[in-house]
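Notes to accompany the following structure.
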Amino acid sequence: MPGHLFVLRGDLTRLACDAVVLSCDDRLNINPVWKPLLPPGLAPGDMDWLRLDDDRVGDNVIRLPQVDKRRVYAAITTPTNSDVTPGAVAQRIVDGIRAAASGLQAQDGRHLPLIAVPLVGTGTGGLRDRRGEVIEALLPALRSAAQGSDIALLLWNRPDLAAVQHRRTDGADWTELPPSLRLAADRLGERAANGQLSLFIGAGVSRPVGLPDWWSLLKDLAREANLAVDWTASADPVEVATPIVAELGDRFHDAVRERLGSSKHGIGHGLLAGLAVRQMVTTNFDPCMELALDAESTGEYRVLTRRISDASMPWLLKLHGDINLPGSLVLDGAQYQTHAEEYAALHGVVQSLLLTSHLLFVGFSLTDRNFLKMAAAVARVRRDAVVEEGSPLPPAGTALALTQHDRQDNDLDSQLELLSMTDAADPGAAARILEIFLDRLAWTAARNRNLSAEYLLDERYATGLNADDRALRDALHAFEDGVPASARQSAGWPRVEETLLALGGTRIARPGPDPGAAPDQR
26 MPGHLFVLRG DLTRLACDAV VLSCDDRLNI NPVWKPLLPP GLAPGDMDWL RLDDDRVGDN
86 VIRLPQVDKR RVYAAITTPT NSDVTPGAVA QRIVDGIRAA ASGLQAQDGR HLPLIAVPLV
146 GTGTGGLRDR RGEVIEALLP ALRSAAQGSD IALLLWNRPD LAAVQHRRTD GADWTELPPS
206 LRLAADRLGE RAANGQLSLF IGAGVSRPVG LPDWWSLLKD LAREANLAVD WTASADPVEV
266 ATPIVAELGD RFHDAVRERL GSSKHGIGHG LLAGLAVRQM VTTNFDPCME LALDAESTGE
326 YRVLTRRISD ASMPWLLKLH GDINLPGSLV LDGAQYQTHA EEYAALHGVV QSLLLTSHLL
386 FVGFSLTDRN FLKMAAAVAR VRRDAVVEEG SPLPPAGTAL ALTQHDRQDN DLDSQLELLS
446 MTDAADPGAA ARILEIFLDR LAWTAARNRN LSAEYLLDER YATGLNADDR ALRDALHAFE
506 DGVPASARQS AGWPRVEETL LALGGTRIAR PGPDPGAAPD QR
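All the letters of the sequence shown, read from the start, carry residue numbers 26 to 547 under my numbering.
See below:
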């Protein structure tokens, strides 16, 4: 079965996946930034690096011990006594992927195994200033290697992401999506790029991390409380939780934290974090979205259960509590009632998002009774809204259902656009299509935002530009070289300078950190 190539920005060491392929040189030196994925006690190598033990799988692949259920390999991509080429680096990383894929089983409900790789060779591997060429060679190589497994290309900085997304094409990528879902993803991606999208994230997004959904969590907690697990299919999860919470008593919070604590996030969290929306809501207790946001936004966001919102920063509202805040969790009837009374203002935030932005629901059950009450209140307001004569009232948001079966029997169709990922009943296959949908959405958002060409004037990408990009780059350099000092004193110059910086310009002094100056993970 053909796999899919995902592209996202983030910290590869924190991605929940089935295997990771890193890179090293032919003396087995490896960058210590990968220490969370390496065995302890490695000998020091050259240049303050670490040296791997020589456990080879074939000529050019080193096998390492598993880490947190992930297979780990290192491909020998960098010769120390000869020049390295982008094509050779791409082929070596494919060798590593094939070694990792051999006998690899998908975990945590994934339909296909997921293998994660970095942008190899562009750190101290000799190709730092030939990044465009590396990307040009790597993308088709990774697409061809994605057979029976999905591949995630993790990028550390914004210009790399912009350069990779620029080279992805409609014909080569997202062939798993029917035209209707591609168009829907593109509409949502344009909304994200224009600042019109907000997110509502449910437990389904955390399933590929190995975390339980609501019913699985309740079953685990019931067993710990020595209570019977004999509920009917139509049981109310809130009513089911009430005796469990009562029986666990003071052990409740620790029991939940033990099951939902994680040091990894899923690919869905990473793709959603990359949309760079400013308002996010989740009913999840787990820290997965924060882990993805930490890598994407360098911590420049607020979690509303912990800190007062700063209007200048994006925020994540944890509507039902946070495992890192004892006493904040909402699971049983009494807790829901307390939540509804004490956090009415937080419910008002969700209602406001439904009225003032397009709210995208991902992995969230539309049967949650608190949500249905909020949606009903918004529906009453929207019925009185004034629109242009003859125009239908636009939907307040979009809900992504895995299958047709997941489209709940309620009256939300008039308020939300409900999209099913597949007509098939296999939830694992449907969850994979949802992630591919989010990958398409993130691609469209990246290509439509003001940093979509942040690589253009960056000298590290110059050798890989196509003819059109080279022509524009040369014209902009000629313009910049011809601007006299007096013109730079104009009130309009800061706007011009801002545009040049957004295109990766490095000839002018940057006012803040270089977007590529974060710790290099290659």
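Where a beta carbon is used, it is the ideal one built from N, C-alpha and C, also for glycine.
Keep in mind that this is a model prediction, so the values were computed, not measured.
Item                                                                                                              : Value
Alpha carbon of Arg535 to alpha carbon of Leu526, nearest angstrom                                                : Confidence at Arg535 is low in this model, with a pLDDT of 44, below 50, so the placement of that residue is unreliable and no value is reported for it.
Which residues DSSP lists as bridging Cys49, in chain order                                                       : Ile101
Alpha carbon of Gly537 to alpha carbon of Val109, nearest angstrom                                                : Because the pLDDT at Gly537 is just 44, under 50, the model does not fix this residue reliably, and the point stays unresolved.
Own chain residues within Cβ distance below 7 Å of Ala125, not counting five before or after                      : Ala44, Val46, Arg96, Tyr98, Ile140
Top-ranked residue by Cα proximity to Glu283, from Ala188, Glu505, Asp245                                         : Asp245
Where Pro536 sits in the DSSP three-state scheme                                                                  : Its pLDDT being 45, under 50, Pro536 is placed unreliably in this model, and the coordinates cannot settle the point.
Proximity of Asp385 and Leu418 at Cβ, strictly below 9 Å                                                          : The sequence given here places Leu at residue 385; Asp does not occur at that position. Cβ atoms of Leu385 and Leu418: not closer than 9 Å.
Contact set for Gly529: own chain, Cβ-Cβ below 7 Å, skip 5 residues either direction                              : Pro184, Glu479, Tyr480, Leu481, Leu482, Asp483
Assigned exposure category for Gln546 - 16 Cβ within 10 Å defines buried                                          : At Gln546 the pLDDT is 45, less than 50, meaning the model places this residue with poor confidence; the figure from the coordinates comes in the next sentence. Gln546 is buried by the Cβ-count criterion.
Contact under 9 Å by Cβ, Val270 with Ala359                                                                       : yes
Endpoints, the alpha helix (DSSP H) within which Ser205 is located                                                : 204-218
Extent of the continuous alpha helix (DSSP H) run through His294                                                  : 292-298
Extent of the continuous alpha helix (DSSP H) to which Ala124 belongs                                             : 111-126
Cβ-heavy atom distance, Leu425 to the ligand GDP, below 8 Å                                                       : The model depicted lacks the ligand GDP and carries no ligand whatsoever.
Spatial neighbours of His345 in its chain, beta-carbon cut-off 6 Å, leaving aside the 5 residues before and after : Thr308, Val355
Residue from Leu222, Glu215, Phe277, Lys289 whose Cα sits closest to the Cα of Leu242                             : Phe277
Three-state secondary structure (DSSP) of Lys60                                                                   : helix
Contact belief for Phe310 with Val265 at Cβ below 8 Å, rounded distance in angstroms                              : At roughly 17 Å, the Cβ-Cβ gap does not stay under 8 Å, so Phe310 and Val265 are not in contact.
Nearest-angstrom beta carbon gap, Leu129 and Ile461 [assumed within contact, 8 Å]                                 : That pair is no contact at about 19 Å.
Three-state class that DSSP yields for Ile461 in the structure shown                                              : helix
First and last residue of the uninterrupted beta strand (DSSP E) at Ile160                                        : Where Ile160 is concerned, there is no enclosing beta strand (DSSP E), although the alpha helix (DSSP H) it sits in stretches over 156-170.
Assigned exposure category for Trp181 - 16 Cβ within 10 Å defines buried                                          : buried
Simplified DSSP state of Phe389, which is helix, strand or coil                                                   : coil
Under the three-state DSSP convention, the category Ala455 falls into                                             : helix
Beta-carbon proximity list for Arg457, same chain, < 6 Å, skipping 5 on both sides                                : His136
Between the CA atoms of His29 and Ser174 - distance to the nearest angstrom                                       : 8 Å
Length of the line joining the Cα atoms of Ile160 and Ser127                                                      : 25 Å
Sequence ranges, alpha helix (DSSP H) only - wholly within the stretch 300-363, length at least 4                 : 313-322
Option nearest Thr531 by Cα separation, candidates Ala68, Arg498, Ser515, Ala516                                  : Arg498
For Asp185, three-class secondary structure by DSSP                                                               : helix
Enclosing beta strand (DSSP E) for Arg88 [first to last residue]                                                  : 86-92
Local Cβ density within 10 Å of Lys289, reported as buried at 16 or more and exposed below that                   : buried
Beta bridge counterpart(s) of Phe225 as assigned by DSSP                                                          : Val306, Phe386
Spatial neighbours of Val387 in its chain, beta-carbon cut-off 8 Å, leaving aside the 5 residues before and after : Leu224, Phe225, Ile226, Gly227, Gly229, Val230, Gly293, Leu297, Leu425, Leu459, Leu463
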